[in-house]
Amino acid sequence: MADVVLCLGTSLQITPACNLPLKCLKGGGKIVIVNLQKTPKDKKASLVIHGRVDKVITGVMNMLNMRIPPFVRIDLLQIIITQALSLDKKYVNWALRIASVHAKQAPLPFVKSVEVSFSESLNMKGAVLDDQPFQLKRRTIKSAKPFDILLKLNLSAGCTCSYTNINIPVDFEISTDCLIEDKDSIIQDLKERAMKEPYYGRTAVVEKWAVLVPKSEVSVHAIVTNVIEYETPSEFKAPPPSNGPLKRQHEGLLDAGISWMRTKARKRVTRHRRFA
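Counting from 1, one number per residue, gives the positions in the sequence shown under full-length UniProt numbering.
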């Protein structure tokens, strides 16, 4: 078992998970609890900090002279275009659907609405999709040239950007070839670009494939929906260099707005022997 178990932001009330940290005590380990409220396991801990986890971690990272990297949130969605010929074989009846990658009926909580428009070459009226599932049905003449569907995704509250745009090229001569990119490298590239440049809402295609029955084309898109940068609060800024001990130099870095408590149950008793 571990020498130290950190319990961050948990009430330690749900079994059996709440009892897992106690296993380290049998091997001489220690428990550290960081939570705003008291927990049933506080008496078993060697150190209890009543405070916000973000504030505690920020103080610790500052003491270690380490910078917390930005958090980049990336959400995935799939765009499905299904088509079928009309009975007279002159038109193509097609449907557009913006769905979750988990299931077609699963909600998309980060998308508030979708504005759909088309390239100028196609004389077709746009639409605004306010309700989920986001889907649109249209009819196009069979001999129509390839065109673009322009999607404006209005993102929900909590996202850094208010909207993002996705351009979907449409060609009714669907290829059966699959496009499967290195998903991890694409997502990592999106994260790095989001941290360097102020524009959020970047998108990238990570997968694309065709379905024969019903005839459809599916593409999976990754979207940067949020970027959170962590700055060192003024109360955590390190004092000027001093010749004093390290403990004194960092005194107070973790004390702002945080209640400390060392539990009596885990105090170590030391015995001093006298030698003649």
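From the three backbone atoms N, C-alpha and C, an ideal C-beta is built for every residue, glycine too.
What number of angstroms, rounded off, separates the C-alpha of residue i from the C-alpha of residue j?
| i | j | result |
| --- | --- | --- |
| T225 | V72 | 8 angstroms |
| Q78 | I149 | 14 angstroms |
| V116 | Q83 | 18 angstroms |
| N35 | V170 | 52 angstroms |
| L25 | T160 | 43 angstroms |
| D54 | F172 | 51 angstroms |
| F118 | F147 | 8 angstroms |
| L122 | R193 | 34 angstroms |
| E120 | I166 | 16 angstroms |
| K145 | I168 | 14 angstroms |
| I187 | G27 | 41 angstroms |
| D88 | D182 | 42 angstroms |
| S11 | V56 | 17 angstroms |
| Q135 | D184 | 29 angstroms |
| S242 | H50 | Any reading at S242 needs caution, since the residue's pLDDT is 48, under 50, leaving its predicted position unreliable; the model's value is listed next. When rounded, the distance between both Cα atoms is 29 angstroms. |
| Q105 | T39 | 39 angstroms |
| K43 | N65 | 32 angstroms |
| P214 | E197 | 41 angstroms |
| M63 | V101 | 41 angstroms |
Using a Cβ-Cβ cut-off of 7 angstroms (strictly less than) and excluding sequence neighbours within five positions of residue i, which residues of its own chain qualify?
| i | result |
| --- | --- |
| L190 | I74, R202, A204, A222 and V224 |
| Q132 | P107 and L108 |
| I80 | R97, A99, S216 and V218 |
Classify residue i as helix, strand or coil using the three-state DSSP reduction.
| i | result |
| --- | --- |
| L212 | coil |
| S143 | coil |
| P169 | strand |
| E207 | strand |
| C24 | helix |
| N19 | helix |
| residue 331 | No statement about residue 331 is possible, as the shown extent of the chain runs from 1 to 276 and does not include it. |
| H250 | In this predicted model, H250 has a pLDDT of only 49, less than 50, meaning its place in the structure is not dependable enough to derive any value. |
| S185 | helix |
| E192 | helix |
| V32 | strand |
| K267 | Confidence is the limiting factor: at K267 the pLDDT is only 48, short of 50, which leaves the residue's position unreliable, though a coordinate-based value still follows. Correct three-state label for K267: coil. |
| I14 | coil |
| N154 | strand |
| T164 | strand |
| V101 | coil |
| I57 | helix |
| N226 | strand |
| K44 | helix |
Use the C-beta contact count for residue i: other C-beta atoms within 10 angstroms, 16 or more gives buried, fewer gives exposed.
| i | result |
| --- | --- |
| P21 | buried |
| T15 | exposed |
| I228 | exposed |
| L8 | exposed |
| V128 | exposed |
| K41 | buried |
| A157 | exposed |
| A45 | buried |
Residues in the same chain with beta-carbon distance under 8 angstroms from residue i, minus the five sequence neighbours each way, listed in chain order, please.
| i | result |
| --- | --- |
| Y163 | K152, L153, N154, L155 and G201 |
| M195 | P69, P70, V72 and V227 |
| V4 | C24, G29, K30, I31 and V32 |
| A2 | C24 and G29 |
| V114 | I98, V128, L129, F134, L151, K152, L153 and N154 |
| L85 | Y91, V92, N93 and K142 |
Starting from the C-beta of residue i, find all residues in its chain whose C-beta is less than 6 angstroms away, skip the five residues before and the five after it, and write them out in chain order.
| i | result |
| --- | --- |
| M61 | I68 |
| C18 | L12 |
| L6 | V32 |
| V206 | E181, K183, I186, V220 and A222 |
| K112 | N154 and S156 |
| G126 | V116 and S117 |
| A103 | none |
Hey, does residue i have any beta-carbon neighbour from chain C nearer than 8 angstroms?
| i | result |
| --- | --- |
| V128 | Within the model displayed, chain C is absent; a lone protein chain is all it includes. |
Next on the checklist: Quick test of the definition: if touching needs 3 or more C-beta pairs under 8 angstroms, does the segment 135 to 149 touch the segment 79 to 99?
Outcome noted: Flag = yes, the segment 135 to 149 and the segment 79 to 99 touch.
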